[in-house]
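Just below is one structure, and these are the notes that go with it.
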Amino acid sequence: MLSNLLIILISLAVIGVMFGYLVQNYYFGLKEWEAANNSQRIAKLVSENISGGSIESRNLLESSDKINTIARSSNMNIGLMDDQGEMIFNTPAIENFYLTLEKTEIDHVLQGNTLYKKIMGPEYKNLLMVLPLLETINDDIIVMGPQTPEDLTNVVGAIIIQTPLGGITATINNIIRLVLYSFLVAIAAAIFLSISFTRRVTKPLKDIQKSALKSAQGKFQEVSVPKNSSDEIKHLVNTFNYAVNQINETLKKKRRLEKMSKKFVANVAHEFRAPLTSIKGFLEIINEKELSLDEIKACTKIMYKDADYLEHLLTDLLTLGQLEVKNAPLNKEYVSPDTLVSRAVKSMQSKFEDKKIKLNLQIAENIPKINVDPNRIHQVLINLLDNAVIYSPGGGEIIIKVAPLSSQKTVKLKNKVKFSITDQGPGIPQEELDNIWQRFYKVDSARTREQENGSGLGLAIVKDIVLKHGGKVEVDSIPGSGSSFSFIL
380 MLSNLLIILI SLAVIGVMFG YLVQNYYFGL KEWEAANNSQ RIAKLVSENI SGGSIESRNL
440 LESSDKINTI ARSSNMNIGL MDDQGEMIFN TPAIENFYLT LEKTEIDHVL QGNTLYKKIM
500 GPEYKNLLMV LPLLETINDD IIVMGPQTPE DLTNVVGAII IQTPLGGITA TINNIIRLVL
560 YSFLVAIAAA IFLSISFTRR VTKPLKDIQK SALKSAQGKF QEVSVPKNSS DEIKHLVNTF
620 NYAVNQINET LKKKRRLEKM SKKFVANVAH EFRAPLTSIK GFLEIINEKE LSLDEIKACT
680 KIMYKDADYL EHLLTDLLTL GQLEVKNAPL NKEYVSPDTL VSRAVKSMQS KFEDKKIKLN
740 LQIAENIPKI NVDPNRIHQV LINLLDNAVI YSPGGGEIII KVAPLSSQKT VKLKNKVKFS
800 ITDQGPGIPQ EELDNIWQRF YKVDSARTRE QENGSGLGLA IVKDIVLKHG GKVEVDSIPG
860 SGSSFSFIL
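Below, the structure is given as structure tokens:
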């Protein structure tokens, strides 16, 4: 701020000095021009009253009234000097200024040179002009000037013109005084504008600085956008706020992921603890007690079932880990949807037969092929069919429906295929529908592993695979009337 003010002050001072100098030169030049014009008029009067090239004619005295009139009207004192340097006519006070001319200056004028002399003192401030008078071949008297022919060298005298500069000096002083006042007003305005500008610029910057220092403490706060600041400052504040916003969002996401990670680890530990505790318990029984062969077979059967569950859980966890890897490749190829369904049904055939489940296949005709990873989509169908078998009553019906969405008006759904698997199970409460895709989420937390017969990761795997294909998952369920799981590819 101080540097800006200093530059402004120096600039104004330079402009003030230059302006005063130009004004002074202008008024002095104007006065000299006025004096030169008056000298021409006086020279004409002299010419009209001269005979024989001598300005000592007695008739010159008759023109004194006219010369005095010119002197009074132009606020000047006028005198005439002969070719010997002697005063032959003067208006009041001119003789005093004649005395200020030195012999060398008079000789210089009589040689045909013009003399300009400023007399500046405590009491007198005057401009003295001495202009040579030349005689032409026609016996006319003219004043020496820039347009005078060079062959005219007959100097017959000189006109002495004295004009007071007190009025000019006062005018110049008044102008300089006005410039000084303007200078002071400009300084005050500059200081006011500088303070205003500094507040508009530095306040947002200080706010950003404070927020940045708080960021080092883990407190990311936005800065209020100034109303009267420039567009650049507003853009800077908005950019800073955007960065703070992104950091806050990232931290929220990080905390959410940490919470999910802790919950996931706790769930995995819980899922592992139960079967491992069971296996350990049966091993202790076999090791410490004398059991019959049938009792040992019963224990090992339960242990095998628990080990099978652990293997299934590990497989699902590995699958989820693979799906979460960024840019994990999908081995896509164009496959017919009915081929995918047929393969999944064959894989689940034994489970359908064990519970005497009836299949109702509703596969539309002319379904377009879809570009998918067939092994991943097979896993999706297996997980959904497995859930449908688990929760369907014995002898129940499962409906598998596949239909194109090309008839839809929405461009995004054009050439898409919808897979739906509907069971006759107990259904899912409406308030639970948004949570069933979470890992290890249980609709009924009181169920045991034997009742669930699953790892709790099946639907999470379904969602991840479908989303990785750019698809969408849906669920529709009414408690007591079964559930319908769908996905669109």
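Residues in the sequence shown are numbered from 380 upward in steps of one, following my numbering. In this text, a Cβ means the ideal position worked out from N, Cα and C, and glycines have one as well.
Cα-Cα separation between residue i and residue j, rounded to whole angstroms
i	j	result
residue 711	residue 587	50 Å
residue 779	residue 801	7 Å
residue 450	residue 404	23 Å
residue 740	residue 671	49 Å
residue 840	residue 634	23 Å
residue 728	residue 664	37 Å
residue 613	residue 558	38 Å
residue 540	residue 394	34 Å
residue 784	residue 850	13 Å
residue 577	residue 622	25 Å
residue 752	residue 683	33 Å
residue 750	residue 691	28 Å
residue 870	residue 695	The structure shown does not extend to residue 870, since the chain spans only 380 to 868, so no value can be given for it.
residue 416	residue 573	51 Å
residue 807	residue 738	22 Å
residue 815	residue 838	7 Å
residue 810	residue 861	15 Å
residue 702	residue 709	10 Å
residue 481	residue 467	17 Å
residue 446	residue 534	21 Å
residue 676	residue 655	18 Å
residue 497	residue 542	10 Å
residue 720	residue 848	17 Å
residue 389	residue 462	53 Å
residue 603	residue 616	8 Å
residue 857	residue 763	17 Å
residue 748	residue 620	48 Å
residue 553	residue 452	24 Å
Cross-strand partners of residue i (DSSP beta bridge)
i	result
residue 855	863
residue 522	512
residue 553	Answer is none; residue 553 lacks a bridge partner.
residue 808	Looking at the DSSP assignment, residue 808 forms no beta bridge with any residue, so it has no partner.
residue 534	513
residue 505	498 and 543
residue 466	460
residue 799	780 and 865
residue 667	DSSP, once it has assigned bridges, lists no residue as partnering residue 667.
residue 405	Its beta-bridge partners do not exist; DSSP assigns none.
residue 713	750
Residue i vs residue j beta-carbon contact at 8 Å
i	j	result
residue 767	residue 756	no
residue 566	residue 385	no
residue 795	residue 865	no
residue 550	residue 507	no
residue 863	residue 771	no
residue 570	residue 599	no
residue 513	residue 521	yes
residue 758	residue 844	yes
residue 781	residue 742	yes
residue 460	residue 537	yes
residue 746	residue 775	no
Residue i: CB within 7 Å of a non-hydrogen atom of the ligand MG
i	result
residue 679	Although the ligand MG was asked about, the structure shown includes no ligands whatsoever.
query = Which runs of the beta strand (DSSP E), 3 residues or longer, sit entirely within the stretch 727-782?
reply = Runs of the beta strand (DSSP E) inside the stretch 727-782: 737-742 and 749-751.
key: Contact between the stretch 718-732 and the stretch 674-688 (3+ Cβ pairs under 8 Å)   = Touching, no.
key: alpha helix (DSSP H) segments (min. 4 residues) lying fully within the stretch 594-667   = For the stretch 594-667, whole alpha helix (DSSP H) runs of length 4 or above, ordered along the chain, are 610-667.
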